[in-house]
Amino acid sequence: MENTITLNNGVKMPRIGYGVYQIPSIITEKCVADALNIGYRLVDTAQCYGNEKQVGRAIKKSQLARDEVFITTKLWGGRGYRDTVDSIDSSLKNLDLDYIDLLLIHEPTGDYLEIYRAMEDAYKAGKLRAIGTANFLEEHFKRLTANCTVIPAVDQVETHIFRQQKNLHRLLEENGVIHESWSPLACGRNGFFTNSVLLRLAKKYRKTAAQVGLRFLYQQDIVIIPKSTHIERMRENLDILNFEINENEINELYALEQGKSLFGWW
Ligand SMILES: NC(=O)c1ccc[n+]([C@@H]2O[C@H](COP(=O)([O-])OP(=O)(O)OC[C@H]3O[C@@H](n4cnc5c(N)ncnc54)[C@H](OP(=O)(O)O)[C@@H]3O)[C@@H](O)[C@H]2O)c1
Numbered sequence: 173m174e175n176t177i178t179l180n181n182g183v184k185m186p187r188i189g190y191g192v193y194q195i196p197s198i199i200t201e202k203c204v205a206d207a208l209n210i211g212y213r214l215v216d217t218a219q220c221y222g223n224e225k226q227v228g229r230a231i232k233k234s235q236l237a238r239d240e241v242f243i244t245t246k247l248w249g250g251r252g253y254r255d256t257v258d259s260i261d262s263s264l265k266n267l268d269l270d271y272i273d274l275l276l277i278h279e280p281t282g283d284y285l286e287i288y289r290a291m292e293d294a295y296k297a298g299k300l301r302a303i304g305t306a307n308f309l310e311e312h313f314k315r316l317t318a319n320c321t322v323i324p325a326v327d328q329v330e331t332h333i334f335r336q337q338k339n340l341h342r343l344l345e346e347n348g349v350i351h352e353s354w355s356p357l358a359c360g361r362n363g364f365f366t367n368s369v370l371l372r373l374a375k376k377y378r379k380t381a382a383q384v385g386l387r388f389l390y391q392q393d394i395v396i397i398p399k400s401t402h403i404e405r406m407r408e409n410l411d412i413l414n415f416e417i418n419e420n421e422i423n424e425l426y427a428l429e430q431g432k433s434l435f436g437w438w
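So for the sequence shown, this note's numbering puts the first residue at 173; every next one is plus one.
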């Protein structure tokens, strides 16, 4: 697997992946097959996306060796230890895999310390290669790390030019935790694709607004998982390795911060 970042337990994770949120399940298998075909090696799904089975089928049919693909899924609505054990087994079954590369708690709700304890045990039993969190902001992250035995490997949070999560990023870095961005293209909100700074830099580097926005995160060692149902956009989103934004331009992009979620979640 090329172009990876190393997690705090030595596992290597691709730095660019393919997200499958809101892809209708009828086309998910085809989209994931296209993504794998053109070089994606990380697929990000979740129990609540309702498409784990389709992701699993695309992986099987791709004939890629199991260790060439990195699969993330997320636990939804767990109520405690026993529930979580069953929930992990049902994801393994849906994905038709012997192990999951990265399992995240989808949100810091319910008794997340108990849920995480079950994840730690599944990790120690070899069902999961790495465990982590999603939507854990500073307070949740601090509470979890004060009460766990396995420090999360990854925290996946809303991160894009309009919500950059600088304080959280620093905290994660200090703790050796990888920052992963969800909605790296802001899901197109807030005029992302017509943003004047992105368009100016895109023109300069002969790239697109999407590529500049993704490169901005990539240069900060933030893992990105853009979603597209169009193969040419999937290609575009992967093609960000042959240019570099300079410090002044990064500062211009820092100034686009809005300090709040565009989605009203966390
Ligand atoms: N942990 C969480 O709570 C959470 C929450 C949200 C998302 N996620 C994860 O993060 C992934 C990405 O986030 P997201 O899907 O919300 O949003 P996103 O990747 O920021 O943006 C996706 C949107 O941008 C369009 N798009 C993609 N590439 C483009 C390009 N090069 N040019 C123009 N338009 C483009 C897509 O349309 P087309 O499909 O029509 O191309 C789609 O409408 C999800 O799929 C999911 O895996 C996690």
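We put the CB at the ideal spot given by N, CA and C, even for glycine. From a predicted model like this one, the values you see are computed outputs, not experimental measurements.
For residue i, which residues from the same chain have a beta carbon less than 8 angstroms from its beta carbon, with the 5 sequence-adjacent residues on both sides left out?
i: T321; result: E292
i: D327; result: G304, T305, A306, F308, F313, L340, L344, V349, I350, H351, E352
i: R387; result: K379, I412, F415, E416, I417
i: I260; result: L247, I272, L275, A290, M291, A294, K299, L300
i: N223; result: V192, I195, S197, T200, T217
Name the DSSP beta bridge partners of residue i, please?
i: S353; result: V329, I396
i: A306; result: Q328
i: D216; result: G191, T244
i: R335; result: H332
i: M185; result: I177
i: I287; result: I287 pairs with nothing; no bridge assigned.
i: I277; result: L247, T305
i: L171; result: Summary: the structure shown does not reach residue 171, with the chain confined to residues 173 through 438, and so no result is reported for it.
Tell me whether residue i, by its Cβ, gets closer than 7 angstroms to a heavy atom of ligand 1.
i: F365; result: yes
i: A290; result: no
i: T256; result: no
i: W354; result: yes
i: P398; result: yes
i: V204; result: no
i: K246; result: yes
i: E419; result: no
i: C320; result: no
i: G360; result: yes
i: G191; result: yes
i: Q194; result: yes
i: D216; result: yes
i: T401; result: yes
i: A306; result: yes
i: N409; result: yes
i: Q235; result: no
i: H278; result: yes
i: R405; result: yes
i: A230; result: no
i: Q328; result: yes
i: T200; result: no
i: A297; result: no
i: L434; result: no
i: L208; result: no
i: A374; result: no
i: L357; result: yes
To which residues of the same chain is residue i closer than 6 angstroms at the C-beta, ignoring the five residues directly before and after it?
i: I403; result: D206
i: G348; result: N180
i: L279; result: This sequence places Glu at residue 279; Leu is not what is there. Once the five neighbours on either side are set aside, the close Cβ partners of E279 are N307.
i: T178; result: K184
i: L208; result: S234
i: I287; result: G250, T256, I277
i: R342; result: none
Leaving out five residues before and five after residue i in sequence, what residues of the same chain have Cβ atoms less than 7 angstroms from its Cβ?
i: P186; result: M173, N175, T176, R213, L214, F242
i: S400; result: M406, N409
i: R434; result: The displayed chain sequence assigns Leu, not Arg, to residue 434. Correct list, in chain order: F334, R335, A358, R361, N362.
i: Y258; result: Here the sequence assigns Asp to residue 258, which means Tyr is not the residue at that position. The answer is none, since no qualifying residue turns up.
i: G228; result: N266, L267, D268, L269
i: A382; result: L357, F365, E408, N409
i: K232; result: D268
Given a threshold of 16 other Cβ atoms within 10 Å of its Cβ, counted over all protein chains shown, does residue i qualify as buried or as exposed?
i: N418; result: exposed
i: P196; result: exposed
i: Y426; result: exposed
i: G397; result: The sequence given here places Ile at residue 397; Gly does not occur at that position. Buried, since its Cβ has 16 or more Cβ neighbours within 10 Å.
i: W437; result: exposed
i: Q325; result: The question names Gln, but residue 325 in the sequence shown is Ala. Answer is buried; the Cβ neighbour count reaches 16.
i: T281; result: exposed
i: A237; result: exposed
i: S355; result: buried
i: Q391; result: exposed
i: A302; result: buried
Does at least one heavy atom of ligand 3 sit under 7 angstroms from the Cβ of residue i?
i: H351; result: Ligand 3 is not part of this structure, which contains only ligand 1.
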